[in-house]
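Asker: Quick one: structure below, then a few questions.
In the working numbering, the protein residues as written are 118 to 310.
What follows is the structure in structure tokens.
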């Protein structure tokens with residue numbers, strides 16, 4: 118019918134107008150992410166095996182573009198993180214971690230298992246966080262031009278500080294006892310701090 122044909126023409130016109138509006142949106146942005154690593158809870162105790170959580174955040178730089186397109190170039194993609202305790206008594210037992218994307222608006226937590234020797238001296242130690250990622254340095258999507266983007270790779274090293282506390286550490290040695298199961302008596306030994 119005529120009414121159905123007119124309705125179809127109006128719908129097609131609206132859809133075409135919507136597509137045209139979407140295509141007219143222009144993206145022209147240039148910049149890069151700038152990753153940082155920090156440790157919210159940085160205290161460990163000698164003799165413990167524990168998990169520390171490293172926070173990764175991006176404080177990006179935008180050289181050209183609008184705030185609406187900022188995330189295109191300030192997001193670190195395919196990010197990997199590796200923690201190293203070289204030069205410190207702290208031993209890292211977790212291998213390189215695949216992190217994924219790190220955005221300005223959404224810091225990312227990465228967990229690493231560590232071992233602190235019982236004879237580790239108290240103090241502050243710096244551990245290196247090796248970061249590698251890709252990012253879009255430039256994106257251009259103008260209505261009259263072919264869409265283009267440049268992807269680059271970057272590696273960087275950030276430092277985090279771990280504090281080994283000087284909490285008391287006790288060890289029992291030279292235990293002397295002739296007791297058997299079910300008997301009562303004395304056990305002697307030396308308690309050393």
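Just so you know, even glycine gets a beta-carbon here, dropped at the ideal spot from N, CA and C.
What you are looking at is a predicted structure, and each value in this text was computed from that prediction instead of being measured.
1) Considering only heavy atoms of the ligand SAH, does any lie closer than 7 Å to the CB of residue 280?
2) Between the C-alpha atoms of residue 140 and residue 260, what's the straight-line distance to the nearest angstrom?
3) On the three-state DSSP scale, how would you describe residue 233?
4) Within the 8 Å Cβ cut-off, does residue 235 reach chain C?
5) Applying the criterion that 16 or more other CB atoms from any shown protein chain within 10 Å of the CB defines a buried residue, is residue 186 buried or exposed?
6) Report the residue from 269, 237, 171 and 161 whose alpha carbon sits nearest the alpha carbon of residue 256.
7) Starting from residue 219, follow the beta strand (DSSP E) in both directions and report where the run begins and ends.
8) Once DSSP output is grouped into helix, strand and coil, what is the label at residue 191?
9) Give the DSSP-derived three-state secondary structure of residue 203 in the structure shown.
10) Name the two residues that bound the continuous beta strand (DSSP E) containing residue 153.
Answerer: The short version:
1) No copy of the ligand SAH appears in this structure; indeed no ligand is present at all.
2) The predicted model places residue 140 with a pLDDT of 41, which falls under 50 and marks its position as unreliable; any figure quoted below should be read in that light. Computed Cα separation, rounded: 6 Å.
3) Look at residue 233 here: in three-state DSSP terms it is coil, with no helix or strand label.
4) This model lacks chain C altogether, as it is built from one protein chain only.
5) Flag for residue 186 reads buried.
6) The shortest C-alpha separation from residue 256 is found at 269.
7) From DSSP, the beta strand (DSSP E) with residue 219 extends over 214-219.
8) Helix at residue 191.
9) Looking at residue 203 - three-state DSSP - the assignment turns out to be coil, as it is neither helix nor strand.
10) It spans 152-155 - the beta strand (DSSP E) in which residue 153 sits, taken as one unbroken run.
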